[in-house]
Each structure stands twice: as structure tokens, then as C-alpha cells.
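Engineer:
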Amino acid sequence: MPCVGWGGSRYGNRMQQGAKGWDAASPRHFHHKKDDAMEPWCQVGPQTGWLCPDDDCTPCDMYALPDFATELEEVRELQVKHLEDLFHIGVTALRVDAAIYHHVYELAAMVNRLPWDLVYQEWWGEYPPHDRTEYVGLYRDVAYRWHLVNRLAGKNATELPELLQLESGVFGITQDMAVYPFAYHDGRSKDSDPEIATYKNGLAFHQQQKFFLSWPFGEKVLIWGGYGWRDLTHGPPGCDKSDGDHCTPDAVYDEDGHAQCMPAPTVSPLPKSAARERRWICEHRWQGVAGMMHFRKACRQHAVSEKWEGGKTEGIGIGRLAFRLRSDCFVALTRGRREDEDEDVAGVGGTWDLTGLKIGLPQGRYCDMSSLHTQKGWDQSSCPREVEVDEEGVIQHGSVTQGAAKLQCTIHSPFFDPG
Numbered sequence: 083m084p085c086v087g088w089g090g091s092r093y094g095n096r097m098q099q100g101a102k103g104w105d106a107a108s109p110r111h112f113h114h115k116k117d118d119a120m121e122p123w124c125q126v127g128p129q130t131g132w133l134c135p136d137d138d139c140t141p142c143d144m145y146a147l148p149d150f151a152t153e154l155e156e157v158r159e160l161q162v163k164h165l166e167d168l169f170h171i172g173v174t175a176l177r178v179d180a181a182i183y184h185h186v187y188e189l190a191a192m193v194n195r196l197p198w199d200l201v202y203q204e205w206w207g208e209y210p211p212h213d214r215t216e217y218v219g220l221y222r223d224v225a226y227r228w229h230l231v232n233r234l235a236g237k238n239a240t241e242l243p244e245l246l247q248l249e250s251g252v253f254g255i256t257q258d259m260a261v262y263p264f265a266y267h268d269g270r271s272k273d274s275d276p277e278i279a280t281y282k283n284g285l286a287f288h289q290q291q292k293f294f295l296s297w298p299f300g301e302k303v304l305i306w307g308g309y310g311w312r313d314l315t316h317g318p319p320g321c322d323k324s325d326g327d328h329c330t331p332d333a334v335y336d337e338d339g340h341a342q343c344m345p346a347p348t349v350s351p352l353p354k355s356a357a358r359e360r361r362w363i364c365e366h367r368w369q370g371v372a373g374m375m376h377f378r379k380a381c382r383q384h385a386v387s388e389k390w391e392g393g394k395t396e397g398i399g400i401g402r403l404a405f406r407l408r409s410d411c412f413v414a415l416t417r418g419r420r421e422d423e424d425e426d427v428a429g430v431g432g433t434w435d436l437t438g439l440k441i442g443l444p445q446g447r448y449c450d451m452s453s454l455h456t457q458k459g460w461d462q463s464s465c466p467r468e469v470e471v472d473e474e475g476v477i478q479h480g481s482v483t484q485g486a487a488k489l490q491c492t493i494h495s496p497f498f499d500p501g
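In this note's numbering, each residue carries its 1-based index in the sequence shown increased by 82.
#1: Can you tell me the Cα-Cα spacing of C381 and T315, whole angstroms?
#2: Leaving out the 5 sequence neighbours to the left and right, which residues in its chain are closer than 7 Å to G87 when beta-carbon positions are compared?
#3: Identify the continuous alpha helix (DSSP H) that holds E156 and give its terminal residues.
#4: For C134, collect the residues of the same chain with a Cβ closer than 7 Å to its Cβ; drop the 5 residues on either side in sequence, then sort them by chain order.
#5: Can you give me the C-alpha to C-alpha distance between D410 and L443, rounded to a whole angstrom?
#6: State yes or no: is the C-beta of Y217 within less than 8 Å of the C-beta of A190?
#7: Would you tell me roughly how many angstroms separate the C-alpha atoms of Q342 and M83, rounded to the nearest one?
#8: Closest by CA to V334, which one among I363, R358, K354?
#9: Taking the Cβ atom as the reference point for each residue, do L403 and L285 lie within a distance shorter than 8 Å?
#10: Looking only at its chain, what residues have a beta carbon closer than 7 Å to the beta carbon of D472, apart from the 5 residues adjacent to it on each side?
#11: Considering only the alpha carbon of each residue, which of Y183, V173, S463 lies closest to A151?
#12: So E204 and D223 are supposed to be a Cβ contact under 8 Å. How far apart are they, rounded?
#13: Less than 8 Å between the beta carbons of I305 and Q291, yes or no?
#14: Since D167 contacts V186 with CB under 8 Å, what's their CB separation in whole angstroms?
#15: Nearest-angstrom Cα distance between W505 and T330?
#16: Less than 8 Å between the beta carbons of E470 and R447, yes or no?
#17: Can you check DSSP and say which residues form a bridge with E241?
#18: Please tell me whether A151 has its Cβ less than 8 Å away from any Cβ of chain D.
#19: Would you grab the beta carbon distance between V386 and F405 for me? Rounded to a whole angstrom, and I think it's under 8 Å.
#20: By Cβ distance below 7 Å, which residues in the same chain neighbour G254 in space, the five residues on each side in sequence not counted?
#21: Note the first and the last residue of the continuous beta strand (DSSP E) segment covering H479.
#22: According to DSSP, what are the bridge partners of Y448?
#23: Please return the same chain residues whose Cβ sits closer than 7 Å to the Cβ of W198, not counting the five positions on each side in sequence.
#24: I'd like to know whether the C-beta atoms of L234 and F299 end up nearer to each other than 8 Å.
#25: Once DSSP output is grouped into helix, strand and coil, what is the label at V173?
#26: Using DSSP's beta-bridge definition, name the partner residues of M144.
#27: Taking 8 Å as the threshold (C-beta atoms), are K394 and P243 in contact?
#28: If you follow the alpha helix (DSSP H) that Q290 is part of, which residue opens it and which one closes it?
#29: Within 10 Å of its beta-carbon, does P51 have 16 or more other beta-carbons around it, so buried, or fewer, so exposed?
#30: When DSSP builds the beta bridges, which residues end up paired with T256?
#31: So, with DSSP's three-state summary, where would you put E474?
#32: State the CB to CB distance for the pair G480 and L415, rounded to an integer number of angstroms; the pair is presumed to be in contact (CB under 8 Å).
#33: Between which two residues does the beta strand (DSSP E) holding A414 run?
#34: With a Cβ-Cβ cutoff of 8 Å, do W368 and H288 count as a contact?
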């Protein structure tokens with residue numbers, strides 16, 4: 083076999099030597115033409131417009147990768163052994179790539195042999211079949227992310243209140259069936275694009291991921307932590323070669339154990355030099371994300387009990403909105419800078435002084451969780467940004483400060499005692 087994989091095992095056209103003996107495969111283990119075991123039965127990819135013969139892609143090679151004949155029990159057993167290897171080294175969750183290209187009964191027969199914490203299928207916009215929902219697992223819902231970003235970055239500020247009506251993603255997929263990712267590998271752009279959520283959008287992306295965590299929709303959500311790229315084919319920093327040589331990715335942590343990550347951005351979009359830098363970005367470590375994870379755990383189960391909508395609620399200007407979850411949690415958001423206002427942007431939020439706004443939370447001093455850098459070592463005695471509420475539930479001190487794009491205030495009650 084002419085080729086050598088990263089793990090050292092050899093492989094060739096529709097053949098693989100394997101690394102453990104049991105994982106060897108020959109042409110008969112792959113789908114092939116009846117009269118030629120070395121030729122694929124069919125192919126699917128961009129070159130076919132993602133269309134397949136007889137509307138069935140399950141036997142087709144994808145991106146020239148030979149397609150295992152999982153209708154054969156011996157092939158399923160081979161795949162189960164691979165899954166067992168993953169499980170025994172500590173992997174407890176699976177994302178099934180190209181899930182729609184697997185028959186339900188074959189996929190279920192392999193995946194359900196182990197007690198995974200989570201299994202979800204790569205999904206785009208198809209209506210979910212009942213048998214797949216029951217026997218395989220959850221669906222990746224990418225539409226919800228698009229709706230959220232569009233309302234925060236794509237629409238006019240007069241339409242910002244639509245953000246508080248987000249209650250769905252892909253048609254037919256409900257919260258109990260879905261995993262909602264905020265960013266994902268095949269939903270990126272090479273350069274900054276305000277409609278596509280990537281770190282390259284800078285502060286706008288950061289506000290979007292914080293709102294994503296604050297809005298109570300979605301039982302299971304995923305946030306992104308990755309690295310910078312100049313091209314969508316790039317791997318992690320330290321692996322820039324394209325000649326097939328082995329490489330060692332740059333370590334995320336330095337010798338002292340400090341994460342070598344991009345700090346939270348302050349402008350939108352990122353300067354081109356920063357957007358193209360080959361380094362660890364770690365969006366999940368940006369200021370406020372840890373706090374927002376805590377906020378979501380404490381508040382997500384509560385229903386929205388009041389809304390303040392810019393241009394609709396008396397006294398609330400266009401480009402601003404807020405909501406309360408029961409009587410425990412409060413979120414306020416402002417979109418953009420006053421100096422950005424022009425004939426195409428009908429109002430932007432600017433700095434929002436919250437003083438005098440009756441939000442109905444108990445009296446006390448609250449932490450703006452979206453300002454918290456980390457919860458590690460946090461003694462809960464102070465916070466980068468705080469909000470004070472009096473005995474009438476009225477804010478006495480607190481604001482949402484305009485930045486180079488958008489910021490928000492998120493508070494909930496358990497942190498600081500009254501007084």
C-alpha cells in the first residue's frame with residue numbers, strides 16, 4: 083500500500099492496513115460497482131451539486147473518501163471497535179458527520195452500543211425523520227445562530243426588538259431534539275463577514291455569543307473556542323505546512339500554565355493583521371463568557387417576564403433592549419455607537435444609563451456577569467461592572483457602555499447581598 087497515515091499505518095485505493103489487525107479493510111468492505119470492486123458505486127460532493135443517484139447518497143463516496151458498506155455486520159463491528167476505543171480514552175460525546183448519508187438502522191446499530199452522554203447529528207435544514215430522531219440522536223440546528231446574528235448585525239436598529247422573539251431554528255426541530263452551536267467549522271468565512279459569526283468580526287461576535295448565552299431559548303448550546311486562520315483549510319497554529327509533513331501544534335499554555343489566547347476584542351471587525359494571525363483565539367475564554375455560562379445555568383429555566391424594546395417601550399431608545407427572567411435575572415443590550423448613526427442606520431444605542439429603570443429585581447448590589455473575566459478565584463465581593471437596585475426594584479447605578487460595537491449588561495440575584 084503506497085500511502086502512510088499520520089498514525090503510521092499504510093493505506094491505498096479502497097484498502098487500509100490498519101494499526102491493530104482488526105481494523106484492516108479491503109475493497110469488499112466498501113461500496114463499489116458490481117463489476118469493479120475498485121470503482122465507487124457513486125460519488126457525492128460539490129462536483130455533483132450534492133445530488134445522488136435515485137436520491138440516495140448512502141452508498142456514495144464523499145470527497146473521494148471510500149464509503150464503508152455498513153450494511154455488512156463485519157463492517158459495523160469494525161466501526162464499533164473504533165467507537166469503543168474512543169469511549170475508553172474518555173470521549174463521551176459524538177458529533178456524527180454527514181449523518182444523513184447513513185441509513186438509520188445501520189447508524190443506530192453502531193452508535194447505541196455505548197452509553198454516550200450526548201450524540202448529535204450534523205444537520206442543515208432538512209425536516210427531521212421520526213425514526214432518526216428516536217433511534218440516533220439530536221440534530222445540529224444551525225438556523226437559530228443565523229437568525230440571531232442577522233438580528234444583531236444584519237438588520238436595521240429599528241428591528242432590534244425581533245431579537246426578543248427568537249424561539250426557533252430549523253423548521254420541525256424543537257428544543258428537546260436539538261443542539262444549537264453558535265459557531266461551527268463549516269459555517270465560517272475566510273474574512274470578516276458581519277452575517278457569519280466568527281472571531282474576525284471582533285466585538286460584534288463577542289456580544290452575539292454573550293447574548294446567545296443569555297437568551298433562554300435552547301436546552302443545549304455549544305460555544306466555540308478555536309484558532310485563527312487565513313484560509314479555511316488551515317489547521318491549528320504550528321501546522322502551516324502543506325507538504326504533508328508531520329507537525330506539532332503550538333501549545334495553548336505556556337511554561338507557566340498561562341493560556342496563550344487572543345484577548346477579548348474591542349473593535350469590529352478585527353484589524354486585518356489580527357484577523358489573519360495564526361494563533362490560538364480561544365473565544366470561549368474572552369471576558370464575560372465564563373460569567374455568562376454561570377448566568378445561563380442560573381437563569382435559563384426561567385420564563386421571560388418583562389421586555390423593554392427600543393422604539394416600542396416608552397422611554398427606551400432605538401438600538402436598545404432589555405428583558406427580565408422571572409424576578410431573578412436581567413439583561414440589557416445596546417447596539418452600536420451614537421456617532422455611527424446615519425440615514426441607513428435609524429438609531430443606534432450608544433451608552434445607556436440604566437439609572438431610574440424599574441427592573442423589578444430584589445434590592446441589592448449585582449455583578450454584571452458579562453464583565454467577569456473568570457470565575458476562577460472569584461470571591462464574589464466585587465465585579466468589573468456592578469449594578470445597584472433599590473428596595474423598589476429601581477436601578478440606582480448601572481449602565482451599558484457603548485464600545486466600538488456593542489456591549490451588554492447581565493445580572494442575576496444570587497451574588498451580592500442587599501445593602
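All residues carry an ideal CB built from backbone N, CA and C; glycine is no exception.
Remember, it's a predicted structure, so these values are computed and weren't measured experimentally.
Structural biologist: The structure says:
#1: 38 Å
#2: Y93
#3: 155 to 170
#4: C124, V126, C142
#5: 6 Å
#6: yes
#7: 41 Å
#8: I363
#9: no
#10: Q445, Q478
#11: Y183
#12: Not quite, the Cβ-Cβ distance comes to about 11 Å (not below 8 Å), so this is no contact.
#13: yes
#14: About 24 Å separates the two Cβ atoms, so there is no contact after all.
#15: With the chain covering 83 to 501 only, the question about residue 505 has no answer from this structure.
#16: yes
#17: For E241, which the question treats as bridged, DSSP gives no partner whatsoever.
#18: This model lacks chain D altogether, as it is built from one protein chain only.
#19: 5 Å
#20: Y209, P210
#21: 477 to 479
#22: V469
#23: T174, A175, L176
#24: no
#25: coil
#26: V126, L147
#27: yes
#28: 285 to 296
#29: Past the boundaries of the shown model lies residue 51; the chain is included only from 83 to 501, so the question cannot be answered.
#30: None; T256 has no bridge partner.
#31: coil
#32: No, G480 and L415 are not in contact; Cβ-Cβ is about 13 Å, not under 8 Å.
#33: 411 to 417
#34: yes
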